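The sequence shown finishes on residue 661 if you use the working numbering, and the numbering steps up by one all the way, no holes. Contents: one structure, followed by commentary.
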Amino acid sequence: MHNDTIKAFAIQQGFQDIKPLGKYNDFDIYQPIFTDGKTHIVGFPQYILVKDEDISLKIDSKFEITKIMFPD
Numbered sequence: 590m591h592n593d594t595i596k597a598f599a600i601q602q603g604f605q606d607i608k609p610l611g612k613y614n615d616f617d618i619y620q621p622i623f624t625d626g627k628t629h630i631v632g633f634p635q636y637i638l639v640k641d642e643d644i645s646l647k648i649d650s651k652f653e654i655t656k657i658m659f660p661d
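Okay, here's the thing in structure tokens:
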């Protein structure tokens with residue numbers, strides 16, 4: 590899937606841009622981000638998961654993806 594499509598999805602979800610992070614369980618993982626320099630409170634970490642033509646926003650309440658994308 591093209592990055593413009595993924596960015597448009599992030600914008601629809603209330604974010605401003607995306608940052609590619611890597612792979613997790615055969616999904617391409619993107620971090621939805623804000624670029625306006627303001628502080629935004631969004632709760633648990635959120636990631637955009639892309640596989641083939643499927644795209645979804647996942648709230649990582651158990652920090653499964655976070656532990657893989659941002660290891661200690």
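By construction, the Cβ of each residue, glycine as well, lies at the ideal position given by its N, Cα and C atoms. Predicted model, so just to flag it, every value in this text is computed and none were measured.
query = Is Lys-656 helix, strand or coil when you go by DSSP?
reply = Lys-656 falls in the helix class under three-state DSSP.
request  = Look at the alpha carbon of Pro-621 and the alpha carbon of Lys-608, and state the distance between them as a whole number of angstroms.
outcome  = Each residue's Cα considered, the two are about 6 angstroms apart.
ask   = Considering only residues of the same chain and omitting the five flanking positions on each side of Phe-604, which have a CB-CB separation below 7 angstroms?
value = Taking C-beta separations shorter than 7 angstroms and ignoring five residues to either side along the sequence, the partners of Phe-604 in its chain run Pro-621, Ile-622, Phe-623, following chain order.
ask   = Are the CB atoms of Ile-644 and Gln-635 nearer to each other than 7 angstroms?
value = No, these two residues do not count as a Cβ contact at 7 angstroms.
task = Return the CA-CA distance between Thr-594 and Tyr-613, expressed in angstroms with no decimal places.
result = For the pair Thr-594 and Tyr-613, the Cα-to-Cα distance works out to about 20 angstroms.
request  = Using three-state DSSP, classify Asp-593 as helix, strand or coil.
outcome  = Three-state result, Asp-593: helix.
ask   = Tell me the DSSP bridge mates of Leu-646?
value = Note: Leu-646 sits in a beta bridge opposite Ile-637.
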